[in-house]
Each structure stands twice: as structure tokens, then as C-alpha cells.
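A.B. asks: In the UniProt record's numbering, the protein residues as written are 1 to 554.
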Amino acid sequence: MNNFKEKVIYQIYPKSFKDTTGNGVGDLQGIVEKIPYLKELGVDMIWLNPIFPSPQRDNGYDVSDYTAINPLFGTMSEFEDLVKKLKAEGIGVMLDMVFNHTSTEHEWFQKALAGDKKYQDYYILRPLQAEGSLPTNWESKFSGPAWERFGETDLYYLHLFDVTQADLNWRNPEVRAEMHNILNFWLDKGVEGFRFDVMNLIGKDEELIDALPGQIDKLLYTDRPIAHTFIREMNQAAFGQRENIVTVGEMSSTTIEQGQLYSNPERDELTMIFSFHHLKVDYQDGQKWTKMPYDFMALKNILNDWQVGMSDGNGWNALFWNNHDQPRALNRFGDTGQYREKSAKMLGATIHLMRGTPYIYQGEEIGMLNPDYASITDFVDVESHNAYAELVANGMSEDEALMMIQEKSRDNSRSPMQWDTSLHAGFTEGTPWLQLGKTFEEINVAADLASETSVFKFYQQLIQLRKHYAVISEGEYVPHLMEHERIFSYIRQTDAEELIVWNNFYDQVEEIIIPSEYVVAGEVLLSNEDEQPAIDNDRYLLKPFETLVLYRRK
Numbered sequence: 001m002n003n004f005k006e007k008v009i010y011q012i013y014p015k016s017f018k019d020t021t022g023n024g025v026g027d028l029q030g031i032v033e034k035i036p037y038l039k040e041l042g043v044d045m046i047w048l049n050p051i052f053p054s055p056q057r058d059n060g061y062d063v064s065d066y067t068a069i070n071p072l073f074g075t076m077s078e079f080e081d082l083v084k085k086l087k088a089e090g091i092g093v094m095l096d097m098v099f100n101h102t103s104t105e106h107e108w109f110q111k112a113l114a115g116d117k118k119y120q121d122y123y124i125l126r127p128l129q130a131e132g133s134l135p136t137n138w139e140s141k142f143s144g145p146a147w148e149r150f151g152e153t154d155l156y157y158l159h160l161f162d163v164t165q166a167d168l169n170w171r172n173p174e175v176r177a178e179m180h181n182i183l184n185f186w187l188d189k190g191v192e193g194f195r196f197d198v199m200n201l202i203g204k205d206e207e208l209i210d211a212l213p214g215q216i217d218k219l220l221y222t223d224r225p226i227a228h229t230f231i232r233e234m235n236q237a238a239f240g241q242r243e244n245i246v247t248v249g250e251m252s253s254t255t256i257e258q259g260q261l262y263s264n265p266e267r268d269e270l271t272m273i274f275s276f277h278h279l280k281v282d283y284q285d286g287q288k289w290t291k292m293p294y295d296f297m298a299l300k301n302i303l304n305d306w307q308v309g310m311s312d313g314n315g316w317n318a319l320f321w322n323n324h325d326q327p328r329a330l331n332r333f334g335d336t337g338q339y340r341e342k343s344a345k346m347l348g349a350t351i352h353l354m355r356g357t358p359y360i361y362q363g364e365e366i367g368m369l370n371p372d373y374a375s376i377t378d379f380v381d382v383e384s385h386n387a388y389a390e391l392v393a394n395g396m397s398e399d400e401a402l403m404m405i406q407e408k409s410r411d412n413s414r415s416p417m418q419w420d421t422s423l424h425a426g427f428t429e430g431t432p433w434l435q436l437g438k439t440f441e442e443i444n445v446a447a448d449l450a451s452e453t454s455v456f457k458f459y460q461q462l463i464q465l466r467k468h469y470a471v472i473s474e475g476e477y478v479p480h481l482m483e484h485e486r487i488f489s490y491i492r493q494t495d496a497e498e499l500i501v502w503n504n505f506y507d508q509v510e511e512i513i514i515p516s517e518y519v520v521a522g523e524v525l526l527s528n529e530d531e532q533p534a535i536d537n538d539r540y541l542l543k544p545f546e547t548l549v550l551y552r553r554k
């Protein structure tokens, strides 16, 4: 029985977790060193961002060999040792599979460039249109056109991301067989999970067409019906043949209806999916590189709609605030000053008590913040540098453009893990590949482990509650107080038990009404107040950023 509903998964960005060699880059041995920390937190599985050989043009999402370990991180024997040692502690390993595209340095692409017809059909190559324009007018997600000339030929290759990330032709059965073999290779190594990068982009149509004026080009290659066919085939050829494998698809710009299809267990596709709509509520007019206060009601409605919709379609959500592509949630939805710890706990409770499998991104469990870099030269991320250049070219001042990058850059979450107050926060004895955040002397693992009221201790509690209360892992989600403009509240219930959750997203006191059955026969299951709240009547004042969770047996 795959108990993925009870699991909590911890995401490690290997470059930034722990360096043991002094070269400034995190490595596999660093993860081995921190296994006791992961065990103490209580997580069931770690998801590793790509650790395969790569030119690192896009921090490993440009893979040049799917069945080897990047020497930057260690060796295959060190990986096998890591899997074994984690397994001994009851912790599984989830690998990040980048199957939509390869690096242009991959052997397949190099053979294609050399004229090998077999490998040319591994990629999406097209001639110019009759009038001389590119094969389609699609834009790369990293800015600029999505087509690049294929060597010295008259053909162009599709790259929905960086120019060094060539999209694979999944309509070629030989490509699909390669992918199945890669998955089975890692399954044989003891891997127990896969996170699939931009998985709903793999199903391009045979005929690729221009986006019409006003049409969004990504609709022409996102969630195409054949993507489901490819995923189901992959399930049946690889992970679906093994016990208890957890799979999650990163689904770019997907819909609830599609999410239901990808994750409904009766369809034999994936265990669960990531969707990102709730992380775009601070985008002005839908544009990432803008600055605006987040829209709380939009955030609440999106999370609620996905909870209800995925439940109705027997789908399953991956629950998260943070990952390697997002600024720190605390900077976006919490308070970075007086209420940092309290709002970090509130955000944790909001996500962990919903219906789905929670993911914790490294540093989230101690309330890490954006690093607040002072110059564009402090940033490494290719997307950030491209965006900065584009913003300035479009008339924005350098200071204004820098402010946008400071707000939204992916490097915000990639700054090194803050372990203690020593040099470079205990991450490395060398020069970090990316600068430390400015807050490490205050916000670090050592300080959190020493405090009984820390964010870390609260996350421990959230993980333990999921394992002890079936209503959290298995229960239905029921909306509550949907009209309230400052509180996100919901109910979880099974036939035998029920809990009600209130989360105050603001720094002001809000009065709530406690249902009478909870006043009479309920108990406080969770609170982020230093002192346990007393529930002795039906009126309660919810303090700034307070979480209150009441539980009762039916």
C-alpha cells in the first residue's frame, strides 16, 4: 500500500545544502552528513534537484547524461551510499527528471548535429516557413524566440526554455523507450520517487502552428491530450511496475480538470501534481517581473478551488509554498519582521493541514528569508539576468530593474542553507557559489534546534500530526469562511473525526465564532501561540498571524 497521503517530502537543492569539499558547492556527502537532521525533522522522502552531468546553464535542468552523477556533487558510489543510509532511516529518495528537453551538449544532440538521422528525430526540427519566418512565432519561457538554427543546416530546433535546452520529440517511440530505460536504471538503484519537470509540455502536436494575434502561444503545447498517453505508457513501462513509488508532475499553467486526469489513480499516470496558480497572486497583470502586494482573496480562492476540484475528480495535490524557482514565501505572504516566526508557522499550518502531500523546501522549516542581494552581479540565475536586461531595454531604470529581480528572482530560494553562525553559515569552508543571505546570524538551524518554540519545532509537530490523525491525511476538505478578507479557514473531516483550521494572514486581531460542538467537545490540536489558547466560549480573538486548529471526534 502506497501511503503517499501520509508522507511529507523535503526538497533539497543540492548546490546550496551542504558542501564538504570546500569548493563552495553542496554535494552528496553534505546530504549524508545531514541525515540526522532530516531524521529529526521527521520527513519521509527527499527530493533532489538534478544531480546529473550538466553544463549548469540552467542549474542542472540542462542534462547532458541521465544515468550518471555530476562530479560536482560526487560519484555514483556516493549516491548509492546516500540511498542506502537514508533508507536505513526510513527516508526515500526522489530524483528530478528533466524529460522535456536535454542539454545541447547531450550525446544525442551532438550525434544529431553530426548528421545522424536517428538522433535528429530525437528532437523537434523544422524548416523556416515559406516566407522566411521561424517555424512558429512561439516565445521561449526564458525570453526571445523558441527556435534556434540547427548547426549549419537549414533546420531549426525547438527550445521552450534556454537556447541550450533542446526539446525532445516524444512522438518518436525510441525517445520514449530511452526515458523508460532511464527510469528503470534509477529504480534499480533504490530510488523511490520521481519529480518530472514541466511534464505537461511533452506532448507537442505533430503539426506546430503560429499563435494567432492575441492568442497565448503556450496553449498550443501545454496539456495536449497525447501527454496523458505518454505518461501512462511511462507508468506501465517503469515506475508502475514497482511497489510504493511516488511520482509528482510539475504542471506548468495547467487546469484543475487536467490535474484530475494526471493524478487520478484509476488512470495509471502520476501520484500527484504541482500547480502554480497560487504563486502568481503578486503578479501585476499576470506578469512575473512586477511588484505589487499579493491578492489575499485570489490566493485563498485558488487554493480552495484546487482543494475542492481535485477532491471531486479523485486527484491529488502536491502542497507547497516554496521551491527552487520561487522567492521565499515568507517575503511574499508573511511578515519578515516582528512576526517572522509566527507567520512562518501560520503558512506551514495552512499548507500541511490541507488535502494533499506537503513539500518542505530547505530552509522553510527555519523561516529563511530572501537573501536581499545588493547588486545584479550577486545573482547567478540565467532567467534573472535575461529579465534584468529586458527590463532595462524596455525603459526601466537599473535601480527599478534590480528591485524587480530582488523581489522575484529564483536565486532568492537558492542562497545557501543557513546552518549556524560560523563563516558562510556553516554551508562551506570555501567561497559559496552563490552568496549567503544577510540574516544567517539570526536565522539558522542551530538557533532553531536550541529553541522550544522555533519554526523547526512547529514543522516537526505538523509532520507528526499528519501521521497520527487520519483526518489530515485522508479526510475531505470543506470550505469555511470563504468571504472573510483576512482569514483562511477550512474544515477537514472523515466519518469519525473532524478538525477546523483558522489562519490569520494579517497583523491585526480578528474575532471568530467557534462552532458550539467544538466549545463543548473539542480540543486545541495545534496553535502557534506560545501559550495554549483557552476555548471556553464561542467567541475567540485570533491574534496577528495566529493559527488555531480545533479537533473533535464525531
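Quick reminder that beta carbons are idealized off the backbone N, C-alpha and C, glycines included.
(1) Quick one, which of GLY26, THR271 and GLY60 has its alpha-carbon nearest HIS106's?
(2) Helix, strand or coil for GLU139 per DSSP?
(3) What is the C-beta distance between ASN264 and GLY309, in whole angstroms, given that I count them as a contact (C-beta under 8 angstroms)?
(4) DSSP state of THR494, grouped into three classes?
(5) With burial defined as no fewer than 16 other Cβ atoms inside 10 Å of the residue's Cβ, what is the status of GLY286: buried or exposed?
(6) Who are the Cβ neighbours of ASN235 in its own chain at under 7 angstroms, not counting the five residues just before and after it?
(7) Give, in chain order, every unbroken run of the beta strand (DSSP E) that is at least 3 residues long and sits entirely within the stretch 37 to 108.
(8) Nearest CA to the CA of ALA447: which residue from THR247, SER422 and ALA227?
(9) Please classify ASP536 as buried or exposed, where buried requires at least 16 other C-beta atoms within 10 Å of its C-beta.
(10) Any idea if PHE79 is buried or exposed, counting beta-carbon neighbours within 10 angstroms, 16 or more meaning buried?
(11) Which whole runs of the beta strand (DSSP E) in the stretch 355 to 395 are 3 residues long or more, in chain order?
(12) Please identify the residue among PRO213, ALA68 and SER103 whose C-alpha is closest to the C-alpha of VAL163.
(13) Measuring only the C-alpha atoms, how far is GLY90 from GLU390?
(14) If you run the structure through DSSP and keep just helix, strand and coil, what is PHE488?
(15) Roughly how far, in whole angstroms, is the beta-carbon of GLU152 from the beta-carbon of LYS291, given that I think they are within contact range, below 8 angstroms?
(16) Please report the distance separating the alpha-carbon of ASP414 from that of GLN56.
(17) On the DSSP letters alone, give me the boundaries of the beta strand (DSSP E) that ILE512 sits inside.
(18) Counting pairs of Cβ atoms below 8 angstroms between the stretch 158 to 175 and the stretch 114 to 134, do you hit three or more?
(19) In three-state DSSP terms, what is GLU341?
(20) Would residue 564 be called buried (16 or more neighbouring beta carbons within 10 Å of its own) or exposed?
(21) Spell out a yes or no on whether the stretch 479 to 487 and the stretch 499 to 518 are touching, meaning 3 or more CB-CB pairs, one atom from each, closer than 8 angstroms.
(22) Flag this pair as yes or no: are the beta carbons of VAL246 and MET45 separated by less than 8 angstroms?
(23) Beta-carbon separation of LEU48 and PRO71 under 8 angstroms?
(24) Spell out a yes or no on whether the stretch 512 to 524 and the stretch 546 to 554 are touching, meaning 3 or more CB-CB pairs, one atom from each, closer than 8 angstroms.
(25) Spatial neighbours of PRO293 within its chain, please: CB distance less than 8 angstroms, with the 5 preceding and 5 following residues excluded, ordered by chain position.
(26) Let me check one thing: in DSSP terms, what residues is ILE9 bridge-paired to?
(27) Could you please give the first and the last residue of the uninterrupted alpha helix (DSSP H) stretch that includes GLN165?
(28) For ASP378 and GLN435, what's the separation of their Cα atoms in angstroms?
(29) For ASN394, count the other beta carbons within 10 Å of its own beta carbon; 16 or more makes it buried, fewer makes it exposed. Which is it?
(30) Looking only at its chain, what residues have a beta carbon closer than 8 angstroms to the beta carbon of LYS34, apart from the 5 residues adjacent to it on each side?
(31) Taking the continuous alpha helix (DSSP H) assigned at GLY309, which residues delimit it?
(32) Just curious, the beta strand (DSSP E) that VAL246 is in, first and last residue?
(33) With a cut-off of 8 angstroms on the beta carbons, I'd call THR357 and MET272 a contact; round off their distance for me.
(34) Distance, Cα to Cα, ASP530 vs THR453?
(35) With a threshold of 7 angstroms (Cβ to nearest heavy atom), would TYR123 be considered close to the ligand SAM?
(36) Buried or exposed: where does HIS468 fall if 16 or more other Cβ atoms within 10 Å of its Cβ makes it buried?
C.D. replies: Let's see:
(1) Cα-wise, what sits closest to HIS106 is GLY60.
(2) strand
(3) Not a contact, Cβ separation roughly 12 angstroms.
(4) It is coil, neither helix nor strand.
(5) exposed
(6) Taken in chain order, the residues that qualify are ASP268 and GLU269.
(7) 45 to 48, 92 to 97 and 101 to 103
(8) SER422
(9) exposed
(10) buried
(11) DSSP runs (the beta strand (DSSP E)) wholly in the stretch 355 to 395: 357 to 361.
(12) SER103
(13) Rounded to whole angstroms, the separation of the alpha carbons of GLU390 and GLY90 is 47 angstroms.
(14) strand
(15) Between LYS291 and GLU152 the Cβ distance is about 44 angstroms, and since that is not below 8 angstroms, they are no contact.
(16) Looking at the sequence itself, residue 414 is Arg, so the reference to Asp does not match. Cα to Cα, ARG414 sits roughly 14 angstroms from GLN56.
(17) 510 to 513
(18) yes
(19) GLU341: helix per DSSP, three-state reduction.
(20) With the chain represented from 1 up to 554, any question about residue 564 goes unanswered, as that position is not in the structure.
(21) yes
(22) yes
(23) No, these two residues do not count as a Cβ contact at 8 angstroms.
(24) yes
(25) ASP282
(26) MET45 and TYR359
(27) GLN165: not part of any alpha helix (DSSP H); member of the beta strand (DSSP E) spanning 165 to 167, first to last residue.
(28) 7 angstroms
(29) exposed
(30) PHE17 and LYS18
(31) Per DSSP, the continuous alpha helix (DSSP H) segment holding GLY309 begins and ends at 296 to 312.
(32) 246 to 250
(33) In this structure THR357 is in contact with MET272, their Cβ atoms being roughly 6 angstroms apart against a cut-off of 8 angstroms.
(34) 7 angstroms
(35) Summarising the ligand content, the structure contains no ligands, and the ligand SAM is consequently not present.
(36) exposed
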